[in-house]
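Following: one structure in structure tokens, then a few remarks.
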Amino acid sequence: MKTTTDFKLSRRQFFKGTGAVIVGFSLSRILPVARAQEPPRLPGSLNTNRALDGWIRINTNGTVTIFTGKVELGQGIVTALAQIAADELDVSLNRVEMISGDTARTPNEGVTSGSQSIENSGTALRFAAAEARAILLQSAAAQLGVAADQLSVDDGTVSVKGNPAKVTYWELTREGMLHREATAQVKPKPASEHKYIGKSIQRRDIPAKVTGGASYVQDMRLPGMVFGRVVRPPSYKAELVSFDEAAVRKLPGVIAIVRDGNFLGIAAEREEQAIKAREAARKSVVWKETSNLPPAGKPLYDQLKNMAAETTVVNEKTAAVKENATKTLTATYTRPFQAHASIGPSCAVAQMQDGKLTVWTHSQGVFPLRKDLAKALKLSEDRITAIHVEGSGCYGHNGADDVALDVALIARATSGRPVKLQWMRDDEFAWEPYGSAMAINVRAGLNAKGDIVDWSHELWSHTHSTRPGGKAGVNLLASWYLAEPMIAAPPDNIAQPSGGSDRNAVPLYDFPTQRVVNHLVTEMPLRVSALRSLGAYANVFAIESFMDELAVAAHADPVEFRLRHLKDPRARAVIEAAADKAGWQADHKGGGGRGRGIAFAKYKNLAVYVAVVADVVVDPKTGNVRVAKVVAAADAGMIINPDGLTLQIEGGVIQSASWTLKEEVKFDRQRVTSRSWAEYPILTFAEVPEVEVVLIDRPNERSLGAGEGSQAPTAAAIANALYNATGKRLRDLPLTPQRVKAALVST
Amino acid sequence: MPPSLSLKVNGVTRAITVEADTPLLYVLRNDLELNGAKFGCGLAQCGACTVLADGVALRSCVTAVSAVVNKNITTIEGLGTIARPHPLQKAFIEEQAAQCGYCINGMIMTAKALLDRNPKPTRVQIQQALTGNLCRCGTHNRIVRAIERAAKEATS
Chain X
-16 MKTTTDFKLS RRQFFKGTGA VIVGFSLSRI LPVARAQEPP RLPGSLNTNR ALDGWIRINT
44 NGTVTIFTGK VELGQGIVTA LAQIAADELD VSLNRVEMIS GDTARTPNEG VTSGSQSIEN
104 SGTALRFAAA EARAILLQSA AAQLGVAADQ LSVDDGTVSV KGNPAKVTYW ELTREGMLHR
164 EATAQVKPKP ASEHKYIGKS IQRRDIPAKV TGGASYVQDM RLPGMVFGRV VRPPSYKAEL
224 VSFDEAAVRK LPGVIAIVRD GNFLGIAAER EEQAIKAREA ARKSVVWKET SNLPPAGKPL
284 YDQLKNMAAE TTVVNEKTAA VKENATKTLT ATYTRPFQAH ASIGPSCAVA QMQDGKLTVW
344 THSQGVFPLR KDLAKALKLS EDRITAIHVE GSGCYGHNGA DDVALDVALI ARATSGRPVK
404 LQWMRDDEFA WEPYGSAMAI NVRAGLNAKG DIVDWSHELW SHTHSTRPGG KAGVNLLASW
464 YLAEPMIAAP PDNIAQPSGG SDRNAVPLYD FPTQRVVNHL VTEMPLRVSA LRSLGAYANV
524 FAIESFMDEL AVAAHADPVE FRLRHLKDPR ARAVIEAAAD KAGWQADHKG GGGRGRGIAF
584 AKYKNLAVYV AVVADVVVDP KTGNVRVAKV VAAADAGMII NPDGLTLQIE GGVIQSASWT
644 LKEEVKFDRQ RVTSRSWAEY PILTFAEVPE VEVVLIDRPN ERSLGAGEGS QAPTAAAIAN
704 ALYNATGKRL RDLPLTPQRV KAALVST
Chain W
442 MPPSLSLKVN GVTRAITVEA DTPLLYVLRN DLELNGAKFG CGLAQCGACT VLADGVALRS
502 CVTAVSAVVN KNITTIEGLG TIARPHPLQK AFIEEQAAQC GYCINGMIMT AKALLDRNPK
562 PTRVQIQQAL TGNLCRCGTH NRIVRAIERA AKEATS
């Protein structure tokens, strides 16, 4: 173990030091000797945020402050991270204060996305807290004159075995005590010593949320605050020709009109005045529109397959001797553009004072947002502070970042008065980046025994990540409409094994030969980005629907057929757990409008394992599919908060049932036409399935990200249940009554 | 100058100077600084803005403030506090019936109106009462359980 003197670096020196290391690293191909300086890899986000006091502060007033770059999105992460820190530090949970997502205060952990917060921030905190505890114990040992291994800690009070001497963390703490680079050499506690980890601790944010407390950025009020609204174009490529600025300026309460190219924003003293001014501006404004949207329905997917694309072979497995198939099946599955459709439209507050901008935002990544804000506003990053405040649930990249630029553009014109801007419902529906439409061709060969001997998966999709913060370009909506427009970053794909459009495209099954091809369509006629689970939703829908089609062809039970092709014991265990809990019977005969289906995925092939059994009831007259019951089994390794995990899995099942049965962004050749809940209906209370979640806890395995794990298998489980009920295979999402009815009357 | 109106909210009469057609939602949120009712759609489609007027649930985003001057308005703040929660608020905490929580105001206020007229609703009646309230996180089943729990505790 390194001595602590090695790490007596100031924060500034430390970052300078890291910079030098990076230079050394980039030169290392020429000068191999420089590699020796590469710092050791640290667990989770500790690797990129290496100062212990960047994570933890022990306060003299008997509290502990934990800093995390990950943010609360309604997934319960802040509570779960507090549990982890409290356990490793040996303090009671109510002493732990959490600070999250603040460019001035917290570690930079990028974006809260990809079900990675427990894995990255949680892991970092486990190691940082274990090390902080050891440092405190070292200090206590010196003070009490005993060896550190004679000490025990109870809620921050350090005592000596068989001795009345005691000292507390709050007495021991000294300025700079944790101001050192983490080593990750202190092992976190074993599961048997956990007091909070593994317990269903109640969420700390819920009491305020059910009593009208100020919980959201929408609830912020600053002295002198005014209200902003934007007048967005009617379609993506529209250009602002003219509008009656004088008439809008005369309206009551209007204090600023910001016109910059095709961007139009308004500020008014009162919120309803800003809304009225927006309406008035919309009436007088003249736009020049261009028709450039793709066709709807089946031609959408034909066009998708023919657009310019970057094609990569994602995965290929070959065998020396390829077994011949006696039967080959092919199928094409599609998924439309789908919306995040947060209940609360995106909102941000901004204040511009003395050339410095502060933005309060529900962005998933305050650091990447700041980077793009700086480019769009031509302001250096050190003049911008971005602070996370909760918003409505986002489920991925919605309008949260965009509205932060909108309000910043307006706040430059309000003479230092803070501005709050919440998008209207149609702003959110028409302008948020959607989950991409996808088309997937699958082909598989069966041998005489009914085993899969060859597998092919070929997908077409736009990108699934156009978040802010990239190296090139600016990924904030308003920046593309300014008089000097910014350029969006070129479409990119997240690399395997996580994958973006090809997330979960590589089957987890053990097929002797397989080939997975990704066509990343580079054009984006509709704006797209990350929607919970990214490409996994459609890829798993295809794989797991097709597994059922193959099981039928092989005259096999869908559960047995999956297990036959699957070695991973944890994958097998969740499938068996879901089937057991649901009372799965081999060769269950559906019919009479009732059916049952199963599907499985290991999210990203490296996170939570989830198997889903769905029971559906189909109305033959209307074609309406009701999901009556869902059983989901999940293995997320060591469970931090069982109730929180259950709710993430259950929420994902219900949201996915909504996507699968109902959701499709509507558009004509010029405009997005889904602009309210009337044109984008989602699942309602009477339609929501009963959901039962079975958790497999593995306290000695590392925690696996779980927030997106149930989305993808739910879709296929429903489609498979529909087939079981009706004998009809539907391969195009969503499974609307219209489609189901058409299938039922077809022969 | 806009007219001065008198509004009775959570048992307290408040004078406000605002145009008569201002949606009640903005008066509650911005003039009275009550956070509970939320802007969700402005179209009476989602229910996030629900408050009670003389015990009846209404959508404050499409209700002109002048239409409720003679009514008793109740918002979620009028039900209880963190220290002394209403049985519905308590039940929502006990069931952990929120993810992002943005819709929850509407759920609780709609449930309040339901339980006031039907203290022992069936599960189906609860689902029907909430049919115009949208939740995006998938917390529906817990919301129903919380309302059942509150009903049970109030009538036991």
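Residue numbers (the working numbering), protein chains in the order written: chain X, -16 to 730; chain W, 442 to 597.
Here a beta-carbon is modelled for each residue, glycine too, at the ideal position from N, C-alpha and C.
is_contact[residue i, chain X] using C-beta, thresh 9 Å
{"i": "THR504/W", "result": "no"}
{"i": "THR522/W", "result": "yes"}
{"i": "THR516/W", "result": "yes"}
{"i": "LEU556/W", "result": "no"}
{"i": "VAL509/W", "result": "no"}
{"i": "GLU594/W", "result": "no"}
{"i": "ASN582/W", "result": "yes"}
{"i": "ILE545/W", "result": "yes"}
{"i": "THR463/W", "result": "yes"}
{"i": "ILE567/W", "result": "yes"}
{"i": "THR563/W", "result": "no"}
{"i": "THR572/W", "result": "yes"}
Interface partners of residue i on chain W, CB under 7 Å
{"i": "ARG408/X", "result": "CYS482, GLY483 and LEU484"}
{"i": "TRP660/X", "result": "CYS482, GLN486, CYS487 and LEU575"}
Contact check, residue i vs residue j, beta carbons under 9 Å
{"i": "GLY606/X", "j": "ALA725/X", "result": "yes"}
{"i": "ALA616/X", "j": "LYS564/X", "result": "yes"}
{"i": "GLU759/X", "j": "THR504/W", "result": "Within the shown structure, residues of chain X are numbered from -16 to 730, placing residue 759/X beyond reach of any answer."}
{"i": "GLY488/W", "j": "MET548/W", "result": "yes"}
{"i": "SER375/X", "j": "ARG500/W", "result": "no"}
{"i": "ALA115/X", "j": "VAL141/X", "result": "no"}
{"i": "VAL596/X", "j": "ALA291/X", "result": "no"}
{"i": "ALA587/W", "j": "GLU535/W", "result": "yes"}
{"i": "TYR417/X", "j": "ALA322/X", "result": "yes"}
{"i": "GLY690/X", "j": "TYR543/W", "result": "no"}
Beta-carbon neighbours of residue i, restricted to chain X and to distances below 9 Å
{"i": "LEU475/W", "result": "GLY195"}
{"i": "PRO526/W", "result": "PRO190, VAL193 and THR194"}
{"i": "LYS479/W", "result": "TYR199, GLN201, ASP202, ILE326, GLY327 and SER375"}
Interface residues of chain X facing residue i [CB-CB closer than 7 Å]
{"i": "GLU589/W", "result": "The premise fails here: GLU589/W is roughly 13 Å from chain X at the closest Cβ pair, so nothing lies under 7 Å."}
{"i": "ALA539/W", "result": "ILE189, LYS192 and VAL193"}
Close Cβ partners of residue i (< 6 Å) along its chain, the five nearest in sequence each way excluded
{"i": "TRP406/X", "result": "PRO328, SER329, GLY382 and VAL386"}
{"i": "MET507/X", "result": "HIS445"}
Cutoff 9 Å: residue i Cβ touching any chain W Cβ
{"i": "ILE101/X", "result": "no"}
{"i": "TYR520/X", "result": "no"}
{"i": "ALA427/X", "result": "no"}
{"i": "VAL671/X", "result": "yes"}
{"i": "ALA324/X", "result": "yes"}
{"i": "ILE637/X", "result": "yes"}
{"i": "PHE668/X", "result": "yes"}
{"i": "VAL4/X", "result": "Because the pLDDT at VAL4/X is just 29, under 50, the model does not fix this residue reliably, and the value given afterwards should be weighed accordingly. Taking Cβ atoms only, chain W never reaches closer than 9 Å to VAL4/X, which makes this a no."}
{"i": "PRO495/X", "result": "no"}
{"i": "SER375/X", "result": "yes"}
{"i": "ALA230/X", "result": "no"}
{"i": "ASP385/X", "result": "no"}
{"i": "GLY211/X", "result": "no"}
{"i": "TYR378/X", "result": "yes"}
Residues near residue i in its chain [Cβ-Cβ closer than 7 Å; skip 5 each side]
{"i": "ALA498/W", "result": "THR491, MET550, THR551 and ALA554"}
{"i": "ASP715/X", "result": "THR317 and ARG722"}
Contacts of residue i in chain W (Cβ-Cβ under 8 Å)
{"i": "VAL54/X", "result": "Simply none; closest approach about 12 Å."}
{"i": "ARG515/X", "result": "None at all; the shortest Cβ gap to chain W is about 11 Å."}
{"i": "ILE665/X", "result": "LEU575 and ARG577"}
Same chain, Cβ closer than 8 Å to residue i, five either side skipped, listed in chain order
{"i": "LYS512/W", "result": "LYS449, ALA494 and ASP495"}
{"i": "ALA113/X", "result": "GLU71, VAL169, LYS170, PRO171 and LYS172"}
8 Å Cβ cut-off: residues of chain X touching residue i
{"i": "GLY542/W", "result": "GLY57, ASP188, ILE189, LYS192, VAL193 and SER198"}
Please give me, in chain order, every unbroken run of the beta strand (DSSP E) with length at least 3 that falls completely inside the stretch 32 to 65 of chain X. 39 to 41 and 47 to 51
Can you list, in chain order, the stretches of the alpha helix (DSSP H) that have 4 or more residues and sit fully within the stretch 212 to 241 of chain X? 228 to 232
Inside the stretch 504 to 566 of chain X only - alpha helix (DSSP H) runs reaching at least 4 residues: 519 to 536, 541 to 547 and 552 to 565
Which runs of the beta strand (DSSP E) fall wholly inside the stretch 268 to 292 of chain X and span at least 3 residues, in chain order? 269 to 271
At 3 residues or longer, and completely inside the stretch 558 to 614 of chain X: list those beta strand (DSSP E) runs for me, N to C. 577 to 585 and 592 to 601
Which ranges would you report for the alpha helix (DSSP H) in the stretch 323 to 407 of chain X if only whole runs of at least 4 residues count? 349 to 360 and 383 to 394
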